[in-house]
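Numbering (the numbering used here), first residue to last: 22 to 186. We put the CB at the ideal spot given by N, CA and C, even for glycine. The structure appears right after this line, and notes come after that.
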């Protein structure tokens with residue numbers, strides 16, 4: 022009983038602090054660990070963070086039914102290495118990131134600026150996403166590559182039945 026109360030309290034505290042800088046949300050997200058969002062972050066429904074850091078001035082759109090493991094990063098800006106100084110100057114290149122519905126990140130995933138992650142994708146723990154991810158793909162590695170995909174018929178059946186976690 023005490024453990025359930027502790028978990029609910031912890032989730033309420035982390036969720037409260039996660040909402041301090043958020044751009045918008047359709048439903049209040051759940052945060053089970055320290056989560057830092059940006060003012061350019063826009064969330065769908067049933068978004069669950071187990072420790073996420075979103076950095077940069079680019080826009081981040083996260084669709085419905087998103088889940089992340091601990092230690093995940095989304096980075097929407099990079100130093101301008103083609104500027105007025107070397108190795109880089111004091112300007113940044115901003116690129117948006119979009120994560121479609123029903124996406125799941127394992128632990129310690131990093132997503133770099135300009136990526137779009139398709140519906141139903143699964144990103145393996147420890148992966149670094151540097152380019153777009155197709156719908157239903159299962160990816161992993163550094164840089165992340167597609168190594169499998171979901172059973173689309175099974176996925177669609179569960180989606181129609183409303184079986185979401």
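Reduced DSSP category for residue i - H, G, I as helix; E, B as strand; rest coil
i, result
"residue 145", "coil"
"residue 23", "helix"
"residue 176", "helix"
"residue 89", "strand"
"residue 156", "coil"
"residue 83", "strand"
"residue 36", "helix"
Proximity to residue i [Cα-Cα], best of the options
i, options, result
"residue 53", "65, 62 and 88", "88"
"residue 98", "161, 151 and 147", "151"
"residue 173", "123, 127 and 135", "123"
"residue 46", "81, 168 and 27", "81"
"residue 100", "113, 43, 141 and 92", "113"
"residue 69", "105, 48, 153 and 168", "48"
Residue i - partner residues in DSSP beta bridges
i, result
"residue 51", "69"
Residue i vs residue j beta-carbon contact at 8 Å
i, j, result
"residue 58", "residue 75", "yes"
"residue 18", "residue 143", "In the structure displayed, the chain extends from 22 to 186; residue 18 sits before or after that span and is not available."
"residue 61", "residue 90", "no"
"residue 67", "residue 181", "no"
"residue 139", "residue 121", "yes"
"residue 104", "residue 128", "no"
Same chain, Cβ closer than 7 Å to residue i, neighbours up to 5 away in sequence not counted
i, result
"residue 56", "35, 39, 70, 72 and 73"
"residue 189", "The first residue shown for the chain is 22 and the last is 186, placing residue 189 beyond what the model contains."
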